């Protein structure tokens, strides 16, 4: 899970129960009667699940090849806590939510193709992009502001572009083919469910299988 880690709210982390330890924020959270998890925030949310009695790491959670109803239940509970942390403690929840959604649904990690632009990253399937997340100046979208904003470019059917573009939340694609791509601002006004649907559609358009 990749987060806009510079955008966390320290007061909200403390309210949630995180403690500062050697420049990292750490939270211990019970998962069930047998296990607990340590959530560590540094450049990401890192999670290790431990046995309560032995304090040894619960390896089945760590191994992605491990299957079974109990391990699946533990993973689901941990993921819910992670998402709740994101929703409560990070500034731009929209970008974090959609990145996590892609990770969880498609098991696809982002790529960073440009060293000079660390805030730009892509998502690919079949060796083709279906999403590009960037942090750009508002003025690049024709809005008179010196501030920057997180956006996502996704592929879309040409006939749907005119229906969506409102030059507030949805824009003709920044720096990409405007016939087949659209730019969506990622902020508090973003309709998350609609955004997920559009990401799913983009994924399918480049040949991904849901």
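Residue numbers (my numbering): 1 to 210.
Cβ coordinates follow ideal geometry from the N, Cα and C atoms, glycine included.
Computed from a prediction, not measured in an experiment: that's the story for all the values here.
Beta-bridge partners of residue i, as assigned by DSSP
| i | result |
| --- | --- |
| residue 125 | 128 |
| residue 114 | DSSP, once it has assigned bridges, lists no residue as partnering residue 114. |
| residue 57 | 50 |
| residue 171 | 183 |
| residue 158 | Answer is none; residue 158 lacks a bridge partner. |
Assumed close pair residue i, residue j - CB separation to whole angstroms, cut-off 8 Å
| i | j | result |
| --- | --- | --- |
| residue 25 | residue 41 | 4 Å |
| residue 170 | residue 141 | Not quite, the Cβ-Cβ distance comes to about 10 Å (not below 8 Å), so this is no contact. |
Burial state of residue i, where buried means 16 or more other Cβ atoms lie within 10 Å
| i | result |
| --- | --- |
| residue 20 | exposed |
| residue 197 | exposed |
| residue 207 | exposed |
| residue 53 | exposed |
| residue 150 | buried |
CA nearest to the CA of residue i, picked from the options
| i | options | result |
| --- | --- | --- |
| residue 203 | 94, 154, 71 | 154 |
| residue 57 | 192, 195, 72, 36 | 36 |
| residue 55 | 138, 97, 64, 38 | 38 |
| residue 129 | 29, 152, 22 | 152 |
| residue 45 | 8, 74, 72, 70 | 8 |
| residue 103 | 120, 114, 124, 85 | 124 |
| residue 131 | 114, 70, 99 | 99 |
Fill in: Segment contact, 8 Å Cβ cut-off, at least three pairs: the segment 110–118 with the segment 66–82
A contact is defined here as three or more CB-CB pairs under 8 Å, and the segment 110–118 fails this definition with respect to the segment 66–82.
Worksheet item: On the three-pair Cβ rule with 8 Å, is the segment 87–100 touching the segment 8–20?
Response: Between the segment 87–100 and the segment 8–20, the count of C-beta pairs closer than 8 Å reaches three or more; the two stretches touch.
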